[in-house]
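Q:
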Amino acid sequence: MANEQDEVQANPEATPLALTSVTQEAISPGDKLQFPSYAAKDLLSIGVCIPCIIRLSGIERHNYSFSLSAPILGSDTEAIEDDNDRNTCCLCLGILQFSYIDDKGDFIKCKGVDDLAVSISEMVKKEGHQIDSFSLEVSVPSIILENEKRVWLYLKRKYGSEQWFQGKPPPICLSAKDALKICITKPLETLLDCKSSSSGLRIRLTYSHPKASNGNGNSIKRNQDGFKMRKIIGSDEPSDISNCNVNSVADDCINPSQEVIFPQETIKEPCHLALTCYRTSIYMFGRYIKYSRNVSQTRWVIGEERMGEASVEEILGNNILPFCRGDSYKFHAAGREDLDVRMLGSGRPFLVEIQNARLLPSEMIINEIQSKINSPETKLVGVRNLKVVGSEGWALVQEGEAEKQKQYAALVWTSRPLEDDDFLSISSLKDLKILQRTPIRVLHRRSPLEREKIIHWMKIEKVAKSSQYYLLHLCTQAGTYIKEFVHGDLGRTHPSIGSILSCRAEILQLDVTDIKMDCHLAE
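Under UniProt numbering, think of the first position of the sequence shown as 1, with each following residue one higher.
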């Protein structure tokens, strides 16, 4: 070994590893391995796999899909066979060896990246997703990052004085996670017959390892400035690692008096791999119309008693979910009405969030969903303008509660017949400001606050063949309590219809007739 090292120092240009044509084709013409063969054999002897040696050499554009038997050590077949037969890589923990423990606890060793890609594609197809494109996500345990730092320091301490090592930037140009994504993306594109992109369909490979859970013997503290301090094994002095990252490992990140031991222990098993496939939420936007006075907006149960015969949430969600073949749904609406209040006119804007939809609904499917909900058999709830939207629909529903105006029609009783002057006084009020304390009927679930609201306009008309029953039409700011504005809520809302007319006023029925929102999606 000493003679080989002397030869390397005398002729640095002859030091790079010999490559066969198979491996050379996977490396760009301008790339070549920078390690001398004895350094590569050293890494192999301590348990580092060949793909990790390639990464350590600084080659970023390498195709890592070649078999682990790729003879990068030239004619050294003994070293190659050793790499094939030996235990899990102490650096990548088997990730680039394509070996792992599956969810059943069985050890799986793929012959190459193609085998792993087949397993992933079968899982995706089994889930039944409509696949137009996909996004690949890989999560690896943090101990791999620590390993990458330590192996570079190991090399620096051992070979830092040699010419081939001097001036090399620390530590690894390509992470194990990125290396895996590079080599597996193309096979997956072929097997799934689509391209990888920023897709809503996410294929996720989550690697975990017991060593990461148990820690690697280092304890984290913080210095006086709040930066993390790591206690070095065998030393009482912690070192500041606040400036350490994956692309920079400085000598002061580790106690210089301590010998760098890598690996710290033999890795007996590879990472555990969890394969998951899911689609980010899709959103169905539209307006619902509620015809019944016995339907709540969301499912409402008090104790064991259900309030109302159904809910808007269940009627819409249970009709949309099967068509999208999703796991579950969430219902969101721009405000709400009471169970006994109808929602008429153009309807209330809503959003149904479908989680992990396996089918993206086409225009034909959307029309089918809308027709089913609007079927004459079910006259409780209707829907209009149903469409698939992006995140802008979610923003609209959230912002709509504060920005919209609402119009109502209320059946009102007064303790005295109204005169012509009463009709004029009501209709003449424009942008009337009122103060409302939290109504008594909701005080048990709402904070006791005082809110200022605006009544934009009102008009009142007689009900035929009646002297004390009237229809009150009004347009208000979002969040106004209409029932309390009519009867005053024992003085907690002021002014009110009762105080304006100087008589007792009660509300008998209420309908929401329109919700105005400044957005094309709401139309």
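Even glycine gets a Cβ: it sits at the ideal position worked out from N, Cα and C. Note that this is a predicted model, so its numbers are computed, not measured.
Please classify His487: does DSSP put it in a helix, a strand, or coil?
A: The residue you call residue 487 lines up with position 487 of the sequence shown. In the structure shown, His487 sits in a helix (DSSP, three-state: H, G or I).
Q: Note down, in chain order, each residue of its chain lying with its Cβ closer than 6 Å to the Cβ of Ile53, except the 5 sequence neighbours on either side.
A: Within the sequence shown, residue 53 is the residue found at index 53, counting from 1. Within the same chain, Ile53 has close Cβ partners Ala40, Leu43.
Q: Going by C-alpha to C-alpha distance, which of Leu508, Leu351, Gln405, Lys379 sits closest to Gln398?
A: Against the sequence shown, residue 398 aligns to sequence position 398. The option with the nearest alpha carbon to Gln398 is Leu351.
Q: Could you check how far apart the C-beta atoms of Lys404 and Ile482 are, in whole angstroms? I think they sit under 8 Å.
A: Residue 404 sits at position 404 when you count from the first residue of the sequence shown. Residue 482 sits at position 482 when you count from the first residue of the sequence shown. Not quite, the Cβ-Cβ distance comes to about 14 Å (not below 8 Å), so this is no contact.
Q: Quick check on the DSSP output: the beta strand (DSSP E) that includes Pro322 runs from which residue to which?
A: Residue numbering aside, residue 322 sits at position 322 when the sequence shown is read from its first letter. No beta strand (DSSP E) contains Pro322, which is instead part of the alpha helix (DSSP H) from 312-324.
Q: What do you reckon, are the CB atoms on Thr414 and Lys453 nearer than 7 Å?
A: Here residue 414 is taken as the residue at index 414 of the sequence shown, counted from 1. Here residue 453 is taken as the residue at index 453 of the sequence shown, counted from 1. Against a cut-off of 7 Å, the Cβ pair of Lys453 and Thr414 comes out as no contact.
Q: Do you know how far the Cα of Pro439 is from the Cα of Asp431?
A: Stepping through the sequence shown from its first residue, residue 431 is reached at position 431. Stepping through the sequence shown from its first residue, residue 439 is reached at position 439. So the two alpha carbons sit approximately 22 Å from each other.
Q: Measuring only the C-alpha atoms, how far is Cys324 from Ser362?
A: For the purposes of this step, residue 324 is identified with residue 324 of the sequence shown, where counting begins at 1. For the purposes of this step, residue 362 is identified with residue 362 of the sequence shown, where counting begins at 1. Cys324 and Ser362: Cα-Cα distance of roughly 10 Å.
Q: Assign Pro349 to one of three DSSP states: helix, strand, or coil.
A: Stepping through the sequence shown from its first residue, residue 349 is reached at position 349. Note: Pro349 maps to strand in three-state DSSP.
Q: Which value, in whole angstroms, describes the spacing of the CA atoms of Leu418 and Glu353?
A: Here residue 418 refers to the residue found at position 418 of the sequence shown. Here residue 353 refers to the residue found at position 353 of the sequence shown. So the alpha carbons of these two residues sit roughly 48 Å apart.
Q: To the nearest angstrom, report how far apart Trp394 and Tyr283 are at their CA atoms.
A: Position 394 of the sequence shown holds residue 394. Position 283 of the sequence shown holds residue 283. Between Trp394 and Tyr283, the C-alpha separation is close to 8 Å.
Q: Could you give the C-beta distance for Gly47 and Cys89, rounded to a whole number, given that I count them as a contact under 8 Å?
A: One-based indexing of the sequence shown puts residue 47 at position 47. One-based indexing of the sequence shown puts residue 89 at position 89. Correct: roughly 6 Å between the Cβ atoms.
Q: Please name the residue, chosen from Glu506, Met458, Pro141, that lies closest to Leu424 on a Cα-to-Cα basis.
A: Indexing the sequence shown from 1 puts residue 424 at position 424. Checked all of Glu506, Met458, Pro141; the closest Cα to Leu424 is Met458.
Q: I'd like to know whether the C-beta atoms of Ala310 and Leu380 end up nearer to each other than 7 Å.
A: By one-based count along the sequence shown, residue 310 stands at place 310. By one-based count along the sequence shown, residue 380 stands at place 380. Yes.
Q: By how many angstroms is the C-alpha of Leu429 removed from the C-alpha of Asp420?
A: As a first step, residue 420 is located in the sequence shown; it is residue number 420 there, counting from the start. As a first step, residue 429 is located in the sequence shown; it is residue number 429 there, counting from the start. When rounded, the distance between both Cα atoms is 15 Å.
Q: Counting only runs of 3+ residues fully inside the segment 271-311, write out the beta strand (DSSP E) ranges in chain order.
A: Correct list: 272-279, 282-290.
Q: Which term fits Ala117, buried or exposed, when burial requires 16 or more other beta carbons within 10 angstroms of its beta carbon?
A: Here residue 117 is taken as the residue at index 117 of the sequence shown, counted from 1. It counts as buried.
Q: In the DSSP assignment, find the beta strand (DSSP E) that holds Thr513 and state where it starts and stops.
A: For the purposes of this step, residue 513 is identified with residue 513 of the sequence shown, where counting begins at 1. It spans 505-516 - the beta strand (DSSP E) in which Thr513 sits, taken as one unbroken run.
Q: Helix, strand or coil: how does DSSP classify Gln130 here?
A: In the sequence shown, counting from the first residue as 1, residue 130 sits at position 130. Coil.
Q: Output the boundary residues of the beta strand (DSSP E) element that contains Pro158.
A: As a working note, residue 158 is residue 158 in the sequence shown. The question names Pro, yet the displayed sequence has Lys at residue 158. Run containing Lys158: none in the beta strand (DSSP E); it sits in the alpha helix (DSSP H), 142-159.
Q: Would a C-beta distance cut-off of 7 Å place Val124 and Lys177 closer than the cut-off?
A: Working through the sequence shown from its first residue, we reach residue 124 at position 124. Working through the sequence shown from its first residue, we reach residue 177 at position 177. Cβ distance not < 7 Å, so Val124 and Lys177 don't count as in contact.
Q: Taking the straight line between their C-alpha atoms, what separation do you get for Val113 and Glu313?
A: On the sequence shown, residue 113 is found 113 positions in, with the first residue counted as 1. On the sequence shown, residue 313 is found 313 positions in, with the first residue counted as 1. Straight-line Cα distance between these residues: approximately 46 Å.
Q: Whole angstroms is fine: what's the gap from Val140's alpha carbon to Gly345's?
A: For the purposes of this step, residue 140 is identified with residue 140 of the sequence shown, where counting begins at 1. For the purposes of this step, residue 345 is identified with residue 345 of the sequence shown, where counting begins at 1. Whole-angstrom Cα-Cα distance: 53 Å.
Q: Suppose contacts are defined by Cβ-Cβ distances below 7 Å. Is His272 in contact with Leu93 by that definition?
A: Translated into the one-based positions of the sequence shown, residue 272 becomes position 272. Translated into the one-based positions of the sequence shown, residue 93 becomes position 93. Against a cut-off of 7 Å, the Cβ pair of Leu93 and His272 comes out as no contact.
Q: For the alpha helix (DSSP H) that Glu363 lies in, which residues bound it at each end?
A: By 1-based counting over the sequence shown, the position of residue 363 is 363. That run of the alpha helix (DSSP H) goes 363-373.
Q: Identify the residues that DSSP records as bridge partners of Gln166: which are they?
A: Against the sequence shown, residue 166 aligns to sequence position 166. For Gln166, which the question treats as bridged, DSSP gives no partner whatsoever.
Q: Please look up how many angstroms separate the CB atoms of Val341 and Leu510, rounded, as I've assumed it's under 8 Å.
A: Translated into positions along the sequence shown, residue 341 becomes position 341. Translated into positions along the sequence shown, residue 510 becomes position 510. Yes, they are in contact, since the Cβ atoms of Val341 and Leu510 sit about 5 Å apart, within 8 Å.
Q: Figure out for me which residue from Val442, Asp422, Leu490, Leu449 has the closest Cα to the Cα of Ile460.
A: Numbered from its first residue, the sequence shown carries residue 460 at position 460. Nearest C-alpha to Ile460: Asp422.
Q: Report the three-state DSSP secondary structure of Arg342 (helix, strand or coil).
A: Indexing the sequence shown from 1 puts residue 342 at position 342. In this structure, Arg342 counts as strand in the three-state DSSP scheme.
Q: Alpha carbon to alpha carbon, what distance is there between Gly326 and Leu386?
A: As a working mapping, residue 386 is identified with position 386 in the sequence shown. As a working mapping, residue 326 is identified with position 326 in the sequence shown. Those two C-alpha atoms are separated by around 18 Å.
Q: Note down, in chain order, each residue of its chain lying with its Cβ closer than 8 Å to the Cβ of Arg293, except the 5 sequence neighbours on either side.
A: Translated into positions along the sequence shown, residue 293 becomes position 293. Cβ neighbours of Arg293 beyond the five flanking positions: Leu339, Asp340, Val341, Arg342, Gln509.
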